[in-house]
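In our numbering, the protein residues as written are 753 to 1058. To start, the structure under review is shown below, and the notes come after it.
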């Protein structure tokens, strides 16, 4: 494949939507199996041709269930939650994994994965919280964050102040009073990007506990996620953000249970309703870690030519 004399090679790519709700919606990722012999340059080229936010490449691992490499159309990234869920759901469907505990090897280290009844869950860490009063040290105020969303303190849920939460990545988690406010958010992507750079965020995760919509039985929170720093104006499902939110629901809103259902994607310009399940590991009412996951569904097959 490195010289003009060699033949072209066709690579099958599965487009798998992670965190689907009732078999629809979700967040699409490309999945390439048996990728051991592709170079990083070839993986990047494949990801560019696939054209989704992330494509996952599955290789053999000496230490974990599989090795996973993630590429956006522009660069390699260390970790991607929805592409992980998409990959393991697909491998389970193929019979390569059964229910139980496995793991993935990444450039960012190993991560535990649990497969159960067609769902895939990935491990996150115990939360750390940084209140808005400490953001000032990095040149950011709460007012800056609210202005970047064109909302005021009157729009916030009185029970929970915006807080930066880390369960492996930084997100600002913001509670608003109701679904109407959440639906009508108009994000200033440039301002969010600048704040995200200063605070080293993946992005903002906004939510309301007012769910009540049709088909929302059992949903604990409805959300929106903005991450322009990573080229994502709005995302349909974000497992790495749902984990921090579940911690806020438990620790701040004092909803004392160990399992939460998070809805996302319904208020996007092109709605893609998604559902994420988060299970907290608790010891003496303290979160020691968590698993966030959902279901993946193959939506279509592509063929990429190198």
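Note that beta-carbon positions come from the ideal geometry of N, C-alpha and C, so glycine has one too.
Measure how close the beta-carbons of residue i and residue j come, nearest whole angstrom, since I'm counting them as under 8 Å.
{"i": "residue 927", "j": "residue 899", "result": "In fact, because the Cβ distance is near 17 Å, the residues do not count as touching under 8 Å."}
{"i": "residue 810", "j": "residue 786", "result": "7 Å"}
{"i": "residue 881", "j": "residue 915", "result": "5 Å"}
{"i": "residue 993", "j": "residue 1012", "result": "Between residue 1012 and residue 993 the Cβ distance is about 13 Å, and since that is not below 8 Å, they are no contact."}
{"i": "residue 886", "j": "residue 947", "result": "About 14 Å; that fails the 8 Å criterion."}
{"i": "residue 803", "j": "residue 1017", "result": "Contact flag wrong, Cβ pair sits at about 19 Å."}
{"i": "residue 813", "j": "residue 857", "result": "4 Å"}
{"i": "residue 771", "j": "residue 920", "result": "No, residue 771 and residue 920 are not in contact; Cβ-Cβ is about 17 Å, not under 8 Å."}
{"i": "residue 995", "j": "residue 876", "result": "4 Å"}
Does the distance from the C-beta atom of residue i to that of residue j stay below 9 Å?
{"i": "residue 988", "j": "residue 779", "result": "yes"}
{"i": "residue 917", "j": "residue 783", "result": "no"}
{"i": "residue 924", "j": "residue 903", "result": "no"}
{"i": "residue 781", "j": "residue 807", "result": "yes"}
{"i": "residue 953", "j": "residue 981", "result": "yes"}
{"i": "residue 836", "j": "residue 872", "result": "yes"}
{"i": "residue 951", "j": "residue 930", "result": "no"}
{"i": "residue 974", "j": "residue 1019", "result": "yes"}
{"i": "residue 855", "j": "residue 863", "result": "yes"}
{"i": "residue 1046", "j": "residue 1026", "result": "yes"}
{"i": "residue 826", "j": "residue 1058", "result": "no"}
{"i": "residue 956", "j": "residue 1042", "result": "no"}
{"i": "residue 1004", "j": "residue 912", "result": "yes"}
{"i": "residue 798", "j": "residue 1050", "result": "no"}
{"i": "residue 766", "j": "residue 1053", "result": "yes"}
{"i": "residue 972", "j": "residue 1007", "result": "yes"}
{"i": "residue 851", "j": "residue 821", "result": "no"}
Could you give the residue range of the beta strand (DSSP E) that holds residue i?
{"i": "residue 1024", "result": "Note, residue 1024: premise wrong, no beta strand (DSSP E); not H, not E."}
{"i": "residue 1038", "result": "1038 to 1057"}
{"i": "residue 781", "result": "779 to 784"}
{"i": "residue 899", "result": "Per DSSP, residue 899 belongs to no beta strand (DSSP E); it is in the alpha helix (DSSP H), 894 to 899."}
{"i": "residue 919", "result": "Neither: residue 919 is in no beta strand (DSSP E) and is coded neither H nor E."}
{"i": "residue 975", "result": "973 to 978"}
{"i": "residue 1014", "result": "1011 to 1016"}
What residue range does the alpha helix (DSSP H) around residue i cover?
{"i": "residue 962", "result": "Neither: residue 962 is in no alpha helix (DSSP H) and is coded neither H nor E."}
{"i": "residue 935", "result": "931 to 935"}
{"i": "residue 945", "result": "941 to 951"}
{"i": "residue 748", "result": "Past the boundaries of the shown model lies residue 748; the chain is included only from 753 to 1058, so the question cannot be answered."}
{"i": "residue 885", "result": "884 to 887"}
{"i": "residue 1007", "result": "Note, residue 1007: premise wrong, no alpha helix (DSSP H); not H, not E."}
{"i": "residue 795", "result": "792 to 802"}
Report whether the distance from the Cβ of residue i to the nearest heavy atom of the ligand FAD is below 8 Å.
{"i": "residue 822", "result": "Only the bare structure without any ligand can be found here, which leaves the ligand FAD out of the picture."}
*Touch check for the region 832 to 843 and the region 855 to 869: three-plus C-beta pairs under 8 Å?*
yes
*Mind listing, in chain order, the continuous beta strand (DSSP E) runs of no fewer than 3 residues lying wholly within the region 805 to 874?*
807 to 811, 818 to 823, 852 to 858, 861 to 868
*asked:* Assess contact between the region 1002 to 1016 and the region 1029 to 1036, defined as three or more Cβ pairs (one per stretch) separated by less than 8 Å. Is contact present?
replied: yes
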